[in-house]
Amino acid sequence: MAIASPSAPTFSASFCCTRTESPATAFSRFPSIALTNSQRNRTLRLTRRLAVSSRFNSSTPSGAGGSVSPDNGDLQYEFFHGFSPQRRRRGSPVFVTLPVDAVGPAGQVRRRKAMAQSFRALAAAGVEGVVMEVWWGLVERDRPRVYNWQGYLEIIALARRCGLKVRAVMAFHQCGTGPGDPHWIPLPLWVLEEIDKNPDLVYSDRFGRKNMEYISLGCDVLPVLSGRSPIQAYTDFMTNFRDAFRPFLGAIITGIQVGMGPAGELRYPSCPSQKLTWAWRSRELGEFQCYDKYMLASLNACAREIGMREWGDGGPIGTGNLMQNPEQTEFFKSDTGSWNTPYGQFFLEWYSGMLLLHGERICKEAETVFRGTEVNTSAKVAGIHWHYSTQSHPSELTAGYYNTLTRDGYLPIVRMFGKYGFTLCCSCFEMQDKDEKQINPVSSPEGYLKQLLLAARMCDVPLEGENAASNLDDGSFQQVVKMSKFYSDGLEKPSFSFNFVRMDKNMFEYQNWVRFTRFVRQMSNANIFRAKLGFRGDIHQFLTSRSDAKFGIAFAYC
Numbered sequence: 001m002a003i004a005s006p007s008a009p010t011f012s013a014s015f016c017c018t019r020t021e022s023p024a025t026a027f028s029r030f031p032s033i034a035l036t037n038s039q040r041n042r043t044l045r046l047t048r049r050l051a052v053s054s055r056f057n058s059s060t061p062s063g064a065g066g067s068v069s070p071d072n073g074d075l076q077y078e079f080f081h082g083f084s085p086q087r088r089r090r091g092s093p094v095f096v097t098l099p100v101d102a103v104g105p106a107g108q109v110r111r112r113k114a115m116a117q118s119f120r121a122l123a124a125a126g127v128e129g130v131v132m133e134v135w136w137g138l139v140e141r142d143r144p145r146v147y148n149w150q151g152y153l154e155i156i157a158l159a160r161r162c163g164l165k166v167r168a169v170m171a172f173h174q175c176g177t178g179p180g181d182p183h184w185i186p187l188p189l190w191v192l193e194e195i196d197k198n199p200d201l202v203y204s205d206r207f208g209r210k211n212m213e214y215i216s217l218g219c220d221v222l223p224v225l226s227g228r229s230p231i232q233a234y235t236d237f238m239t240n241f242r243d244a245f246r247p248f249l250g251a252i253i254t255g256i257q258v259g260m261g262p263a264g265e266l267r268y269p270s271c272p273s274q275k276l277t278w279a280w281r282s283r284e285l286g287e288f289q290c291y292d293k294y295m296l297a298s299l300n301a302c303a304r305e306i307g308m309r310e311w312g313d314g315g316p317i318g319t320g321n322l323m324q325n326p327e328q329t330e331f332f333k334s335d336t337g338s339w340n341t342p343y344g345q346f347f348l349e350w351y352s353g354m355l356l357l358h359g360e361r362i363c364k365e366a367e368t369v370f371r372g373t374e375v376n377t378s379a380k381v382a383g384i385h386w387h388y389s390t391q392s393h394p395s396e397l398t399a400g401y402y403n404t405l406t407r408d409g410y411l412p413i414v415r416m417f418g419k420y421g422f423t424l425c426c427s428c429f430e431m432q433d434k435d436e437k438q439i440n441p442v443s444s445p446e447g448y449l450k451q452l453l454l455a456a457r458m459c460d461v462p463l464e465g466e467n468a469a470s471n472l473d474d475g476s477f478q479q480v481v482k483m484s485k486f487y488s489d490g491l492e493k494p495s496f497s498f499n500f501v502r503m504d505k506n507m508f509e510y511q512n513w514v515r516f517t518r519f520v521r522q523m524s525n526a527n528i529f530r531a532k533l534g535f536r537g538d539i540h541q542f543l544t545s546r547s548d549a550k551f552g553i554a555f556a557y558c
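Here the sequence shown is numbered in the numbering used here, starting from 1 and rising by one per residue.
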């Protein structure tokens, strides 16, 4: 979709970027944490010059739809601007997540020309960089330890040419619902072969339903994948990524988000990921995922250890069905539910403890792999808020977060992230209680998010925010700004950034693009472009708001 004014003068832009970066000396953003080597080297002194070659034509549109063209116009200006480290520290950088299918099944970049044009548009808007999901099922697809990084190397090269940073997501999970899904990316084929031989490698609920999104954490350290454990396979993948992309680490690739579960989030697949987009409206309780033989063996051993063998035979009974009112279930009801009995406490501590242990294992390996590379490591927690105003928080419990009215289930996770120098990534920044409670009175995305943000502040852990839905209205953007300030206000050296999920053609429609670029400037807390053209002001206003000329800008991603 183009942003265009058919008869308006046009603007074309080409971008080049030079950077000078050096480690900061004796600087710690969060001095109360014992920093790892990678943390000490994380803060960089950034100097950036952006040259924008622009042509203006007052009479001729730039091709059909008024698209950007380097050959349009007869008056050329050269813009030079220096990005100061002071400005970047004052503001909050914005990143944009790339489409799921940015790299195709054969490892090739899809829609190269459209992506290049979109990258230039993002750079012009002042976006800091892009978020690139690196799929295990594509890179190590056919055979163990055989990796194909070609498509991702091309994206990195394109981002460098456009002056954008990159955050890479180590995506160890499945994407999509099946082969008919246009965004279908399964686990590696050789992993699926191992699952066919041993179905207990994936999670199972009380009905025996298997979830293929992610390998069960019950077999984390067992050699079940062609002689390697899942943790070893993830570590080898990250190590090979580090070696293949070493020239870009710390300069172009500034962040690594490590996947830890379904949808890349540290959680159990209590509700299939494709249903999470509407599960909060249907108030799904979720199912405990503890019925594969490895999880059952762990549960049984823990029950025997405390002399309660009968507690180790499976998950709780009386959890109802997915759509049931929790107050009508034996386990989740508020006052007399068994979630608050000795048995319930035992099970929930084991279930959430296994998830925490899984996260710590991956954090430890990732910290070792990327130590000294000057990249920031992060991990994501799911935004499950649709029973937040109940006492038992059932949908959080089934996802592995032992968070109730009387217990903080997120603080141990945030502390663990802080221990290994990880940044916390969480969603729902655009959601408002006043809207959600009209549909579901016990939902509270703001309550959930504020609890996480307070935990991050308490533990001095940096934060990455995300939106849960691709809303491009002003109200959603203002809510993001509000919640970012809730975290940052009062901190001497706050560290907050935002990942907008995700780039598509709707984002580049004119009104959406105007709202998005205004949001980027507001988050950055500074004017991104003050071009040296003899005027003092914002370049975006100069290009879009002049009374004597209206400039048509077209960027597309389809």
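All residues carry an ideal CB built from backbone N, CA and C; glycine is no exception.
Every value quoted in this text rests on a predicted model; they were computed, and no experiment measured them.
Are the beta-carbon atoms of Tyr-203 and Tyr-268 separated by less than 8 Å? yes
Please confirm if the segment 122 to 139 is in contact with the segment 91 to 109, defined as three or more CB-CB distances below 8 Å between the two stretches. yes
Under the three-state DSSP convention, the category Val-169 falls into: strand
Taking Leu-189 as the reference, give the member of Pro-494, Pro-105, Trp-350, Lys-434 with the closest Cα. Pro-105
For the segment 427 to 446 against the segment 374 to 385, are there 3 or more C-beta pairs whose distance is under 8 Å? yes
Stretch pair the segment 198 to 214 + the segment 257 to 266: three plus CB contacts closer than 8 Å: yes
Report the three-state DSSP secondary structure of Glu-213 (helix, strand or coil). strand
Reference Gly-409, options Phe-417, Leu-397, Glu-287, Tyr-420, closest by Cα: Leu-397
Spatial neighbours of Asp-335 within its chain, please: CB distance less than 8 Å, with the 5 preceding and 5 following residues excluded, ordered by chain position. Gln-391
Starting from Trp-136, trace the alpha helix (DSSP H) in both directions and tell me its first and last residue. 136 to 139
Have a look at His-393, Val-169, Pro-272 and flag the residue whose alpha-carbon is nearest the alpha-carbon of Arg-242. Val-169
Between the alpha carbons of Tyr-402 and Val-520, how many angstroms are there, rounded? 35 Å
For Ala-469, count neighbouring C-beta atoms within 10 Å of its own C-beta (all shown protein chains included) and say buried if the count is 16 or more, exposed if not. exposed
When the Cα atoms are used, what is the spatial distance from Gln-328 to Phe-347? 20 Å
Under 8 Å between the Cβ atoms of Val-481 and Met-523? yes
Is Asp-292 near Gly-218, with beta carbons less than 8 Å apart? yes
Check each candidate in Lys-333, Lys-210, Asp-200 and name the one with the smallest Cα separation from Val-224. Asp-200
The segment 179 to 187 contacting the segment 111 to 127, beta-carbon criterion three pairs below 8 Å: no
Alpha carbon to alpha carbon, how far is Gln-438 from Gly-490? Give it in angstroms, no decimals. 32 Å
List the residues that DSSP assigns as beta-bridge partners of Tyr-203. Asn-211
Expressed to the nearest angstrom, what Euclidean distance is found between the alpha-carbon atoms of Asn-148 and Gly-107? 7 Å
What does a CB cutoff of less than 7 Å around Met-354 pick up in its chain, not counting 5 residues either side in sequence? Leu-217, Ser-298
Excluding the 5 residues flanking Pro-394 on each side, which residues of the same chain have their C-beta closer than 6 Å to its C-beta? Leu-285, Pro-326, Phe-332, His-387
Helix, strand or coil at Leu-463 [DSSP, three-state]: strand
What is the DSSP secondary structure of Thr-563, counted as helix, strand or coil? It is not possible to answer for residue 563, since the shown part of the chain is limited to 1 through 558.
Any idea what DSSP makes of Ala-379, helix, strand or coil? strand
Distance, Cα to Cα, Leu-453 vs Ala-379? 15 Å
Assign Leu-249 to buried or exposed, taking buried as 16 or more other Cβ atoms, counted over all protein chains shown, within 10 Å of its Cβ. buried
If I follow the unbroken alpha helix (DSSP H) through Ser-476, where does it start and stop? 474 to 488
Using only CA atoms, which one of Val-369, Glu-305, Pro-272, Glu-365 lies nearest to Arg-246? Val-369
Check the DSSP bridge columns for Thr-97 and list the partner residues they point to. Val-131
Inside the segment 281 to 347 only - alpha helix (DSSP H) runs reaching at least 4 residues: 293 to 305
So Gly-421 and Glu-367 are in contact, right, with Cβ under 8 Å, and what is the actual spacing, rounded? 6 Å
On the DSSP letters alone, give me the boundaries of the beta strand (DSSP E) that Ser-470 sits inside. That residue, Ser-470, is in no beta strand (DSSP E); it is neither H nor E in DSSP.
Mapping DSSP to helix, strand and coil, what is Gly-255? strand
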